[in-house]
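> Residue numbers (this note's numbering): 0 to 253.
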């Protein structure tokens, strides 16, 4: 009887292990070709007379992450965080400056990008989000989820924490959805640090549920724009292009 049990166990283990392997390989196919690394450059050329001696003349570069989203027909729209798209400049001291944005695609090519809409977080419905237009990128976009995530649901993002990106290879990080913390934001247990901002947080069906925009000093806790507020932000972008045409987003209204 003992020998028979051993035999059954030996026969059973390969079946279990093979099923687990298949599940892990097929449950998600990350849209790495839709990911972009974003560079934001601020160039300061002139300051006020009172601030002339301390004028920080020069160019300053910051970076973040973004994802091409399937939102507007025949247009390449990139979703990222609002603070990735813009920098606040003290115009009482700085008289002349320019800001520009470029993105790096999965082939390592650089493209110019232009801000369509950018908003700041206020915890009351406005979110830290930005939509960019990148006309020279021709990649399939990722769809926004029609369903909000549930507490405990596994989520992931493709991003460039600490600037890490070796096209076409980008870090892929996973965690669990913890819940909504205010009208604008939700909490996730996904590792993040500088450079992760703007990453599209997705479910295992590769549907976007929010935008990662803040990390805690404990790196495995991050803040993302919540599903409802993100959907409303995307509605605004879609209406700018489509007017009153049908919009393929969740049925949420202000």
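Think of the CB as a built atom: it goes at the ideal place given N, C-alpha and C, for glycine as much as any other residue.
1) Just list the residues that DSSP pairs residue 110 with in beta bridges.
2) Under 8 angstroms, with one C-beta from each stretch per pair, do the stretch 130-147 and the stretch 155-166 reach the 3-pair mark?
3) How about residue 241: is its C-beta nearer than 8 angstroms to some C-beta of chain D?
4) By the three-class DSSP mapping on this structure, what secondary structure does residue 84 have?
5) List the endpoints of the continuous beta strand (DSSP E) containing residue 184.
6) Going by the CB atoms, is the gap between residue 169 and residue 34 shorter than 8 angstroms?
7) With the cut-off set at 8 angstroms, would you say residue 182 and residue 213 are in Cβ contact?
8) Where residue 186 and residue 47 are concerned, what is the direct C-alpha to C-alpha distance, given to the nearest angstrom?
9) Do the stretch 103-113 and the stretch 198-213 meet, that is, are 3 or more Cβ pairs less than 8 angstroms apart?
10) Could you tell me whether the Cβ atoms of residue 174 and residue 163 are closer together than 8 angstroms?
11) Taking DSSP as the reference, what is the three-state secondary structure of residue 164?
12) Could you give the DSSP three-state label for residue 125: helix, strand or coil?
13) Tell me residue 146's beta-bridge partners as DSSP assigns them.
14) What does the Cβ neighbour count give for residue 63, buried or exposed, with the cut at 16 atoms within 10 Å?
15) Would you check if the distance between the CB atom of residue 37 and the CB atom of residue 88 is smaller than 8 angstroms?
16) With DSSP as the reference, identify every bridge partner of residue 116, one or two as the case may be.
A quick look at the data gives this:
1) Taking the first residue of the chain shown as position 1, residue 110 is located at position 111. Residue 110 is bridged to 102.
2) Contact fails: fewer than three Cβ-Cβ distances are below 8 angstroms.
3) Although the question refers to chain D, the structure presented lacks it and comprises just one protein chain.
4) By 1-based counting over the chain shown, the position of residue 84 is 85. Three-state DSSP puts residue 84 in a helix.
5) Here residue 184 is taken as the residue at index 185 of the chain shown, counted from 1. Note, residue 184: beta strand (DSSP E), 184-187.
6) Here residue 34 is taken as the residue at index 35 of the chain shown, counted from 1. Here residue 169 is taken as the residue at index 170 of the chain shown, counted from 1. Yes, the pair counts as a contact, with Cβ atoms nearer than the cut-off.
7) For the purposes of this step, residue 182 is taken as the residue at position 183 of the chain shown. For the purposes of this step, residue 213 is taken as the residue at position 214 of the chain shown. Not closer than 8 angstroms, so no.
8) One-based indexing of the chain shown puts residue 186 at position 187. One-based indexing of the chain shown puts residue 47 at position 48. Their backbone Cα atoms lie some 42 angstroms apart in a straight line.
9) no
10) Taking the first residue of the chain shown as position 1, residue 174 is located at position 175. Taking the first residue of the chain shown as position 1, residue 163 is located at position 164. Contact flag unset, no.
11) Translated into positions along the chain shown, residue 164 becomes position 165. Of the three classes helix, strand and coil, the one that applies to residue 164 here is coil, per DSSP.
12) The residue you call residue 125 lines up with position 126 of the chain shown. Residue 125 carries a coil assignment under DSSP once its states are collapsed to helix, strand and coil.
13) Against the chain shown, residue 146 aligns to sequence position 147. According to DSSP, residue 146 bridges with nothing at all.
14) The residue you call residue 63 lines up with position 64 of the chain shown. Burial call: buried.
15) Position 38 of the chain shown, counted from the first residue, corresponds to residue 37. Position 89 of the chain shown, counted from the first residue, corresponds to residue 88. A distance of 8 angstroms or more separates the beta carbons of residue 37 and residue 88.
16) Residue 116 sits at position 117 when you count from the first residue of the chain shown. Note: residue 116 sits in a beta bridge opposite 130.
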